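Here the structure is laid out as structure tokens; the discussion comes afterwards.
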């Protein structure tokens, strides 16, 4: 495997684990929102989502460690900003969150920026 | 403290905590090298103090973020939670001798522009939802 392939793979794993974690926590938070305080927590602890989120974050910790071992810190953090876009896409697919014009503009700029940082090394 | 001073110091604290966490994470990765994807590698990472400094930074950022969210609209807060990009770009030059190419700086500017658009959009959406 070439170094570029490894970097791309690690970046992709980071993106997937970050997005899965965020979406799982969102799902945990919005289920049965009538319950308040302790009751809400008890409900969340009885469902799989909060554990899936935690598991995804542990996986992301390892993936981020590996990713930062292969790229400069500034490049890594900049490429990681693609996570914003992935989470918004996931929010649209899973929770029906809207894509307004402003959000589309923001998402396009971030994607273009990430592509430039990735290609311009 | 005036609201403006609270706002600014909150943003600054978030920026510092996030930058600190990322720098410590990079130091953890350097300390754990070579990247062998095995237990000894993970163990090397978990036995350096840097990884715990990094977790401290993340916790500090989390507390700051939740405090900010109680007082300011989600849009600016969202933008603020991604400003560590600037902090990281600045400190990684002297700390790690990292130099970005011109194209990469252009990419960084586009990303920050995108974050600004998203932050502005969240603010106007939140304003619409208020009765």
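Protein chains in written order, with the numbering used here: chain Y, 28 to 148; chain V, 56 to 186. Don't be surprised by glycine CBs; every beta carbon is placed ideally from N, CA and C. Predicted model, so just to flag it, every value in this text is computed and none were measured.
From this set, the options, which residue's C-alpha is nearest residue i's C-alpha?
i                      : options                       : result
residue 152 of chain V : Y/37, Y/52, Y/140 and Y/98    : Y/98
residue 169 of chain V : Y/143, Y/105 and Y/135        : Y/135
residue 102 of chain V : V/62, V/84 and V/119          : V/84
residue 73 of chain V  : V/56, V/141, V/89 and V/88    : V/141
residue 177 of chain V : Y/140, Y/54, Y/131 and Y/101  : Y/131
residue 34 of chain Y  : Y/70, Y/77 and Y/91           : Y/91
residue 78 of chain V  : V/145, V/179, V/171 and V/174 : V/145
residue 137 of chain Y : Y/102, Y/112 and Y/57         : Y/112
residue 56 of chain Y  : Y/71, Y/65, Y/64 and Y/118    : Y/71
residue 162 of chain V : Y/109, Y/119 and Y/117        : Y/109
residue 149 of chain V : Y/84, Y/54, Y/100 and Y/89    : Y/100
residue 124 of chain Y : Y/30, Y/37, Y/53 and Y/38     : Y/53
residue 167 of chain V : V/147, V/181 and V/135        : V/135
residue 179 of chain V : V/155, V/128, V/158 and V/106 : V/128
residue 111 of chain V : V/181, V/158 and V/76         : V/76
residue 92 of chain V  : Y/102, Y/89 and Y/40          : Y/89
residue 181 of chain V : Y/68, Y/62, Y/127 and Y/139   : Y/127
residue 122 of chain Y : Y/38, Y/58 and Y/37           : Y/58
residue 108 of chain V : V/90, V/94 and V/71           : V/71
residue 41 of chain Y  : Y/77, Y/83 and Y/102          : Y/83
residue 96 of chain Y  : V/90, V/160 and V/56          : V/90
Exposed or buried, residue i, counting other C-beta atoms within 10 Å across all chains shown (16 or more means buried)?
i                      : result
residue 44 of chain Y  : buried
residue 66 of chain V  : buried
residue 130 of chain V : buried
residue 137 of chain V : buried
residue 28 of chain Y  : exposed
residue 93 of chain Y  : buried
residue 115 of chain Y : buried
residue 164 of chain V : exposed
residue 32 of chain Y  : exposed
residue 66 of chain Y  : exposed
residue 172 of chain V : buried
residue 114 of chain V : exposed
residue 64 of chain V  : exposed
residue 186 of chain V : The pLDDT assigned to residue 186 of chain V is 49, lower than 50, so where the model puts this residue is not dependable, and the model offers no usable value.
residue 85 of chain Y  : exposed
residue 133 of chain Y : buried
residue 60 of chain Y  : exposed
residue 21 of chain Y  : Residue 21 of chain Y lies beyond the range of chain Y shown here (28 to 148); nothing can be said about it.
residue 60 of chain V  : exposed
residue 94 of chain V  : exposed
residue 39 of chain Y  : exposed
Mind reading off the beta-carbon distance from residue i to residue j? Whole number of angstroms is fine, and I expect it under 8 Å.
i                      : j                      : result
residue 106 of chain Y : residue 148 of chain Y : Wrong, their Cβ atoms sit about 10 Å apart, outside the cutoff.
residue 80 of chain Y  : residue 51 of chain Y  : 4 Å
residue 104 of chain Y : residue 139 of chain V : 7 Å
residue 48 of chain Y  : residue 87 of chain Y  : 6 Å
residue 68 of chain V  : residue 119 of chain V : 5 Å
residue 129 of chain Y : residue 175 of chain V : 6 Å
residue 132 of chain V : residue 123 of chain V : 5 Å
residue 105 of chain V : residue 82 of chain V  : 4 Å
(request) Quick one: which unbroken alpha helix (DSSP H) runs of 4-plus residues sit fully inside the region 28-101 of chain Y? Chain order, please. (result) 30-57, 64-72 and 76-97
(request) Pull out every residue of the region 157-180 of chain V whose Cβ sits closer than 9 Å to any Cβ of chain Y, in chain order. (result) So the close ones are 157, 158, 159, 160, 161, 162, 163, 164, 165, 166, 167, 168, 169, 170, 171, 172, 173, 174, 175, 176, 177, 179 and 180.
(message) Please give the ranges of any alpha helix (DSSP H) in the region 114-178 of chain V, keeping only runs that are unbroken, at least 4 residues long and fully inside the region.
(response) Taking only runs of at least 4 residues, the alpha helix (DSSP H) segments lying wholly in the region 114-178 of chain V are 129-135 and 139-151.
(request) Pull out every residue of the region 75-92 of chain Y whose Cβ sits closer than 8 Å to any Cβ of chain V, in chain order. (result) Only those residues of the region 75-92 of chain Y whose C-beta falls short of 8 Å from the nearest C-beta of chain V are listed: 89, 91 and 92.
(message) Give me the subset of the region 66-84 of chain V whose CB atoms are less than 8 Å from a CB atom of chain Y, sorted by chain position.
(response) 77, 78, 80, 81, 83 and 84
(request) Please list the residues of the region 83-99 of chain V that have a C-beta atom closer than 9 Å to any C-beta atom in chain Y, keeping them in chain order. (result) 83, 84, 85, 87, 88, 89, 90, 92, 96 and 97
(request) For the region 100-130 of chain V, enumerate the residues whose C-beta is nearer than 9 Å to any C-beta of chain Y, in chain order. (result) 100 and 106
(request) Could you please tell me which residues of the region 118-131 of chain Y, in chain order, have their CB closer than 7 Å to any CB of chain V? (result) 127, 129 and 130
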